[in-house]
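Notes for the one structure printed next.
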Amino acid sequence: MTTGPGLVIFDCDGVLIDSEIISARMLVAALAERGVRIDLDYVARHFLGRSYPTVMRTIRTDFGIDLPPEFEEDYRARLLAAFERDLRPMPGARAVLEALRAPWCVATSSSRVRAQRSLEISGLRDLVGERLFTAGDVRNGKPAPDLFLHASGQMGVEPSACLVIEDSLNGIRAARAAGMRVWRFTGGSHLAGRDRSAPEGAEADLEFDSLMDILRIAPELASGADA
Numbered sequence: 092m093t094t095g096p097g098l099v100i101f102d103c104d105g106v107l108i109d110s111e112i113i114s115a116r117m118l119v120a121a122l123a124e125r126g127v128r129i130d131l132d133y134v135a136r137h138f139l140g141r142s143y144p145t146v147m148r149t150i151r152t153d154f155g156i157d158l159p160p161e162f163e164e165d166y167r168a169r170l171l172a173a174f175e176r177d178l179r180p181m182p183g184a185r186a187v188l189e190a191l192r193a194p195w196c197v198a199t200s201s202s203r204v205r206a207q208r209s210l211e212i213s214g215l216r217d218l219v220g221e222r223l224f225t226a227g228d229v230r231n232g233k234p235a236p237d238l239f240l241h242a243s244g245q246m247g248v249e250p251s252a253c254l255v256i257e258d259s260l261n262g263i264r265a266a267r268a269a270g271m272r273v274w275r276f277t278g279g280s281h282l283a284g285r286d287r288s289a290p291e292g293a294e295a296d297l298e299f300d301s302l303m304d305i306l307r308i309a310p311e312l313a314s315g316a317d318a
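Note that our numbering numbers the sequence shown so that position 209 is 300, with each residue one more than the last.
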């Protein structure tokens, strides 16, 4: 990369925090109690990078079931309990965020409450501060470009000058639709041993499996680097 980005936009789940495998397992178990049988591959294929309302619409369409309102409350409570017990930051996440010289922010399909608590548990909330944008900020979630365009607008950077760090195909689609460069991080537990091929329209500009690779690939992003 010859010209450094004006803004680096990080996805949160599956990029900064190793949460997707926990969420997937909890959702599989919760749905099984309601008679809906899915596996982790189904979750990765249909739900990765999507907001909770979109997940529920997919369940309704694919299985013909409307889950009661208390399902969401129970699932979120159980998920947060699992996060409190098992959630960890992705290796290298804090070091990378602390080293960045380029402006950066976080844009996630999670709700604001969940994202804030997840970042607190993983020890990254102090670094992110107010640079957090969530699915509730926009009308259309990923793979629509709305969230990334909202983040870049709030940060005052043109979309063409942004670099998105994503793990999900829907996130990559959203970044491409926003006219942004996108690198795919494949080092999360939820992608271990799984097919990471990308269909047409969801190809990243680059793939990497360690967050520290960001600083090796683009050393100009690091604080203290030569201009």
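Each residue gets a CB set at the ideal place from its N, CA and C atoms; glycine is no exception.
Query, Result
"Quick check: the Cα distance between residue 233 and residue 131, rounded to an integer number of angstroms?", "20 angstroms"
"Taking the runs of the beta strand (DSSP E) that are 3 residues or longer, which of them lie wholly in the stretch 231 to 292?", "253 to 257 and 272 to 276"
"Which word fits residue 102, buried or exposed, when buried means at least 16 other C-beta atoms lie within 10 angstroms of its C-beta?", "buried"
"Using 10 angstroms around the beta-carbon of residue 141, count the other beta-carbons present and answer buried if the total reaches 16, otherwise exposed.", "buried"
"What does residue 196 pair with, by DSSP beta-bridge criteria?", "100"
"Is residue 298 helix, strand or coil by DSSP?", "strand"
"Give the C-beta separation of residue 106 and residue 256 to the nearest angstrom, bearing in mind that I take them to be a contact with Cβ-Cβ under 8 angstroms.", "6 angstroms"
"With DSSP run on the structure shown, which of helix, strand or coil describes residue 218?", "helix"
"Could you pull the DSSP bridge partners for residue 180 from this structure?", "108"
"Can you check whether the CB of residue 259 is closer than 8 angstroms to the CB of residue 226?", "no"
"Indicate the three-state DSSP secondary structure (helix, strand or coil) for residue 226 in the structure shown.", "helix"
"Excluding the five sequence neighbours on either side, which residues of its own chain have a C-beta within less than 7 angstroms of the C-beta of residue 317, listed in chain order?", "Interpretation of residue 317 is limited by its pLDDT of 43, a score under 50 that renders its predicted location unreliable; no figure is taken from the coordinates."
"Cα separation between residue 190 and residue 159?", "45 angstroms"
"Going by C-alpha distance, which of 198, 123, 134 and 113 is nearest residue 245?", "198"
"Relative to the C-alpha of residue 292, which residue among 261, 304 and 309 is closest?", "261"
"Is DSSP giving residue 139 helix, strand or coil here?", "coil"
"Out of 302, 274, 303 and 280, state which residue places its alpha-carbon closest to the alpha-carbon of residue 289.", "274"
"Considering only residues of the same chain and omitting the five flanking positions on each side of residue 311, which have a CB-CB separation below 6 angstroms?", "95"
"Is the separation between the beta-carbon of residue 213 and that of residue 129 shorter than 8 angstroms?", "no"
"Return the Cβ separation of residue 238 and residue 229 in integer angstroms, given the expectation that the two are a contact with Cβ distance under 8 angstroms.", "5 angstroms"
"Just how far apart, CA to CA, sit residue 327 and residue 125?", "The requested residue 327 is not part of the displayed model; the chain covers only 92 to 318."
"Which residues in the same chain as residue 265 place their Cβ atom closer than 7 angstroms to its Cβ, once the five residues preceding and following it in sequence are excluded?", "233, 234, 235, 236, 238 and 239"
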